[in-house]
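Below is one structure, written out as structure tokens; comments come after it.
Number of protein chains: 2
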Amino acid sequence: MTPADPRLSLNQATIKYATLADALRLTAGAGIPAIGLWREPVADVGLADAARMVADSGLRVSSLCRGGFFTALEGAERRAALDENRRAIEETATLGAAGAPGSASVLVLVAGGLPRGSTDIVGARARVAEAIAELEPEAHEAGVTLAIEPLHPMYAADRAVVSTLGQALDVAEQFPAASVGVVVDTFHIWWDPDVQTQIARAGAGGRIASYQVCDFLTPIPADALLARGMMGDGHVDFGRLTAAVNATGYSGDVEVEIFNAEIWATDPAEVVARTAQAFTDHIPLRDTRHPA
Amino acid sequence: MTPADPRLSLNQATIKYATLADALRLTAGAGIPAIGLWREPVADVGLADAARMVADSGLRVSSLCRGGFFTALEGAERRAALDENRRAIEETATLGAAGAPGSASVLVLVAGGLPRGSTDIVGARARVAEAIAELEPEAHEAGVTLAIEPLHPMYAADRAVVSTLGQALDVAEQFPAASVGVVVDTFHIWWDPDVQTQIARAGAGGRIASYQVCDFLTPIPADALLARGMMGDGHVDFGRLTAAVNATGYSGDVEVEIFNAEIWATDPAEVVARTAQAFTDHIPLRDTRHPA
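The listed protein sequences derive, respectively, from chains A and B. In this note's numbering, each number is its position in the first sequence, counted from 1, plus 1. In this note's numbering, each number is its position in the second sequence, counted from 1, plus 1.
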């Protein structure tokens with residue numbers, strides 16, 4: 002077996018049904034040096050225990066998924082969402098500190114969709130920027146980077162009104178780069194005619210908080226969230242996109258995050274091994290020495 | 002019943018299973034003044050008969066769907082696609098001339114997706130521009146406008162590598178406005194953070210060859226092509242988009258084109274009546290006097 006790339010990070014959602022303990026064990030056991038965590042499996046064991054387990058694993062933490070979902074109109078629902086994000090910021094700081102040297106305290110933000118019955122996408126987008134303005138001082142204080150993730154436009158109505166990398170950067174650039182960045186996720190942005198320009202822009206401003214890779218499959222499955230596939234199984238030109246990321250000098254971890262019913266139904270140890278191999282085969286990182 | 006808007010055009014695909022004769026009869030019978038035609042039902046009766054039927058109907062023709070699908074690499078498949086487009090240009094000219102005064106000779110172009118097994122979207126996009134360069138003189142000669150339709154990015158892999166209005170305009174603007182324009186279809190572009198700027202750009206350059214309206218539904222159905230819905234049933238802000246189109250001075254027909262399994266299963270006469278009503282309720286045209 003080829004050794005895993007030293008900049009590969011397994012996002013925990015790729016083996017969705019594994020517990021945190023199993024995810025850490027399988028990742029480390031495969032020689033993968035980093036992991037992207039999710040709040041739910043962390044909550045299953047409690048933050049303090051999760052942090053101890055992460056420290057014991059020797060893995061770097063590359064990000065925590067996820068905050069966001071703050072497009073509601075002002076009121077109780079919006080306040081609850083912002084409070085939830087405050088808790089997520091604290092969790093991100095704790096888990097980032099627990100990880101091995103080179104860990105990142107990055108909280109991935111999925112904006113949220115249109116409020117029920119609303120077609121006011123312009124208003125919803127404005128509320129995303131307002132929410133980040135409210136949270137940014139707390140993120141800064143905690144040493145956490147809020148990473149705005151543009152989602153594929155097919156999710157604009159019901160999941161994320163932030164639809165392009167350029168749009169995410171328009172928001173992020175209103176704040177210091179240390180506290181607000183963007184996620185560059187091949188699945189969401191591969192189709193964008195402007196993608197190379199926007200990756201360069203993100204890199205030049207120090208805004209790439211996370212680079213995530215997975216493929217885009219067709220036909221889109223009945224649950225459109227599950228169109229993500231293993232690198233090489235779909236339509237994404239990883240060479241072109243990774244070259245654009247390389248050119249910015251980005252040297253952080255690169256996460257593989259795949260939501261896919263068939264992969265979730267596969268033995269997680271096998272998924273981890275396949276992930277490491279597909280990463281080596283399809284993601285041409287310029288420099289695979291992690292700087293940590 | 003409210004009289005149909007004088008700028009409403011029923012795209013034939015909205016009543017997919019009706020013959021050309023039935024589509025013309027139902028459209029005219031509902032007081033709708035214009036129709037958008039498709040090549041297949043026209044071919045079912047033959048072009049000459051179709052032209053006579055259109056002339057007899059008294060309806061304007063607003064467009065013919067569709068040409069395009071010219072992303073193949075150079076070779077027999079590509080040559081066949083270009084020849085097919087040449088036939089479509091001739092049909093467009095014939096049907097546009099057969100329609101009532103104010104008809105448009107507009108051929109809607111769907112670019113085509115990635116060649117099988119290819120991830121080279123940059124190359125596929127270049128071949129779209131090359132195909133249009135090859136066809137433009139023939140369109141110009143025939144008095145036909147080629148209308149590049151950007152499709153929603155969820156179709157970028159398998160149907161249309163032209164994904165945004167800005168990208169479509171980048172291609173169209175290489176040619177005279179009389180022979181190459183764009184389609185502004187709310188379903189495909191409603192999510193675009195840059196949509197209002199690009200609609201204004203299209204209008205300023207005289208590039209709006211067709212304005213099509215239908216709604217975007219969630220969840221996206223198993224066949225993602227069928228996520229289109231009746232205006233008012235989904236997430237599109239028709240007020241904002243139509244205001245942007247109005248502001249350009251566009252005064253042509255406005256097509257309703259809906260691919261939707263439930264609508265296709267409904268009695269077409271009922272669909273036509275519902276379409277006219279939903280159009281009046283949701284599409285705030287500034288000036289509803291057709292200039293013809």
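For each residue, glycine too, the CB sits at the ideal point set by N, CA and C. Predicted model, so just to flag it, every value in this text is computed and none were measured.
8 Å Cβ cutoff met for residue i and residue j
{"i": "Ile200 (chain B)", "j": "Met232 (chain B)", "result": "no"}
{"i": "Val255 (chain B)", "j": "Leu286 (chain B)", "result": "yes"}
{"i": "Leu136 (chain B)", "j": "Ile90 (chain B)", "result": "yes"}
{"i": "Leu209 (chain B)", "j": "Arg229 (chain B)", "result": "The sequence given here has Ile at residue 209 (chain B), not Leu. No, Cβ-Cβ distance for Ile209 (chain B) and Arg229 (chain B) is not below 8 Å."}
{"i": "Gly100 (chain A)", "j": "Leu60 (chain A)", "result": "yes"}
{"i": "Ile36 (chain A)", "j": "Ala5 (chain A)", "result": "no"}
{"i": "Leu115 (chain A)", "j": "Ala125 (chain A)", "result": "yes"}
{"i": "Val257 (chain A)", "j": "Leu9 (chain A)", "result": "yes"}
{"i": "Pro42 (chain B)", "j": "Thr165 (chain A)", "result": "no"}
{"i": "Val183 (chain A)", "j": "Leu170 (chain A)", "result": "yes"}
{"i": "Thr146 (chain B)", "j": "Val111 (chain B)", "result": "no"}
{"i": "Arg241 (chain A)", "j": "Val123 (chain B)", "result": "yes"}
{"i": "Gly204 (chain B)", "j": "Tyr251 (chain B)", "result": "yes"}
{"i": "Ala244 (chain A)", "j": "Gln175 (chain A)", "result": "no"}
{"i": "Thr28 (chain A)", "j": "Gln278 (chain A)", "result": "no"}
{"i": "Pro1 (chain A)", "j": "His141 (chain A)", "result": "The question about residue 1 (chain A) has no answer here: the residues shown for chain A are numbered 2 through 293."}
{"i": "Ile16 (chain B)", "j": "Pro269 (chain B)", "result": "yes"}
{"i": "Ala148 (chain B)", "j": "Ser63 (chain B)", "result": "no"}
{"i": "Arg40 (chain A)", "j": "Arg67 (chain A)", "result": "yes"}
{"i": "Leu83 (chain A)", "j": "Thr276 (chain A)", "result": "no"}
{"i": "Gly167 (chain B)", "j": "Gly113 (chain B)", "result": "no"}
{"i": "Gly220 (chain B)", "j": "Ala14 (chain A)", "result": "For the record, residue 220 (chain B) in the displayed sequence is Pro; it is not Gly. Not in contact: Pro220 (chain B) and Ala14 (chain A) (Cβ atoms no closer than 8 Å)."}
Terminal residues of the alpha helix (DSSP H) in which residue i lies
{"i": "Leu242 (chain B)", "result": "Phe239 to Ala248"}
{"i": "Asn12 (chain B)", "result": "No alpha helix (DSSP H) holds Asn12 (chain B); the beta strand (DSSP E) holding it covers Leu9 to Asn12."}
{"i": "Glu1 (chain B)", "result": "The displayed coordinates of chain B run from 2 to 293. Any statement about residue 1 (chain B) would go beyond what the structure contains."}
{"i": "Ser58 (chain B)", "result": "Leu48 to Ser58"}
{"i": "Gln199 (chain B)", "result": "Val196 to Ala205"}
{"i": "Glu92 (chain A)", "result": "Ala77 to Ala99"}
{"i": "Val163 (chain B)", "result": "Neither: Val163 (chain B) is in no alpha helix (DSSP H) and is coded neither H nor E."}
{"i": "Trp265 (chain A)", "result": "Ala262 to Trp265"}
{"i": "Gly30 (chain A)", "result": "Leu21 to Gly30"}
{"i": "Ile133 (chain B)", "result": "Ile122 to Ala143"}
Residue i, buried or exposed, once every other Cβ within 10 Å from all chains shown has been counted against 16
{"i": "Asn273 (chain B)", "result": "Looking at the sequence itself, residue 273 (chain B) is Val, so the reference to Asn does not match. Its Cβ being crowded by 16 or more others within 10 Å, Val273 (chain B) is buried."}
{"i": "Tyr156 (chain B)", "result": "buried"}
{"i": "Leu74 (chain B)", "result": "exposed"}
{"i": "Leu30 (chain B)", "result": "With the sequence shown as reference, residue 30 (chain B) is identified as Gly, and Leu is not the correct amino acid for it. Under this definition Gly30 (chain B) is an exposed residue."}
{"i": "Gly47 (chain A)", "result": "exposed"}
{"i": "Thr72 (chain B)", "result": "buried"}
{"i": "Pro102 (chain B)", "result": "exposed"}
{"i": "Ala19 (chain B)", "result": "buried"}
{"i": "Ala173 (chain A)", "result": "buried"}
{"i": "Gly76 (chain B)", "result": "exposed"}
{"i": "Ala262 (chain B)", "result": "exposed"}
{"i": "Pro151 (chain A)", "result": "buried"}
{"i": "Arg128 (chain A)", "result": "buried"}
{"i": "Ala52 (chain B)", "result": "buried"}
{"i": "Arg160 (chain B)", "result": "buried"}
{"i": "Ala143 (chain B)", "result": "buried"}
First through last residue of the beta strand (DSSP E) which encompasses residue i
{"i": "Thr146 (chain A)", "result": "Thr146 to Ile149"}
{"i": "Ser64 (chain B)", "result": "Arg61 to Gly69"}
{"i": "Trp39 (chain A)", "result": "Ala35 to Trp39"}
{"i": "Asp186 (chain B)", "result": "Val181 to Asp186"}
{"i": "Ser211 (chain B)", "result": "Ile209 to Val214"}
{"i": "Val107 (chain A)", "result": "Val107 to Val111"}
{"i": "Val301 (chain B)", "result": "Here chain B has residues from 2 to 293 only, and residue 301 (chain B) is not among them."}
Near the ligand MN: residue i beta-carbon under 7 Å from a heavy atom
{"i": "Ala169 (chain A)", "result": "In the structure shown, the ligand MN is absent, as is every other ligand, since no ligand is present at all."}
Exercise for the section: Scan the stretch 136-152 of chain B for residues whose Cβ lies nearer than 7 Å to a Cβ of chain A and list them as they occur along the chain. Expected result: none
Exercise for the section: Pull out every residue of the stretch 150-179 of chain A whose Cβ sits closer than 7 Å to any Cβ of chain B, in chain order. Expected result: His153, Pro154, Met155, Ala157, Ala158, Asp159, Ser164, Thr165 and Gln168
Problem - Cβ contact (3+ pairs, closer than 8 Å) linking the stretch 180-189 of chain B and the stretch 209-220 of chain B - result: yes
Practice task
Check whether the stretch 24-31 of chain A touches the stretch 91-99 of chain A, taking contact to mean three or more Cβ pairs, one atom from each stretch, closer than 8 Å.
Solution key: no
Exercise for the section: Would you list, in chain order, the members of the stretch 101-122 of chain A that have their beta-carbon closer than 8 Å to a beta-carbon of chain B? Expected result: Leu115, Thr120, Asp121 and Ile122
Practice task
Give the residues from the stretch 240-263 of chain B that approach chain A closer than 9 Å (Cβ to any Cβ), ordered along the chain.
Solution key: Answer in chain order: Gly240 and Arg241.
Handout entry: Residues from the stretch 207-220 of chain A in contact with chain B, defined by Cβ distance under 8 Å
Key = Phe217, Thr219 and Pro220
Practice task
Output, in sequence order along the chain, the residues in the stretch 222-242 of chain A whose CB is closer than 9 Å to any CB in chain B.
Solution key: Of all residues in the stretch 222-242 of chain A, Pro222, Ala223, Asp224, Ala225, Ala228, Gly235, His236, Val237, Asp238, Phe239, Gly240 and Arg241 have a Cβ within less than 9 Å of some Cβ in chain B.
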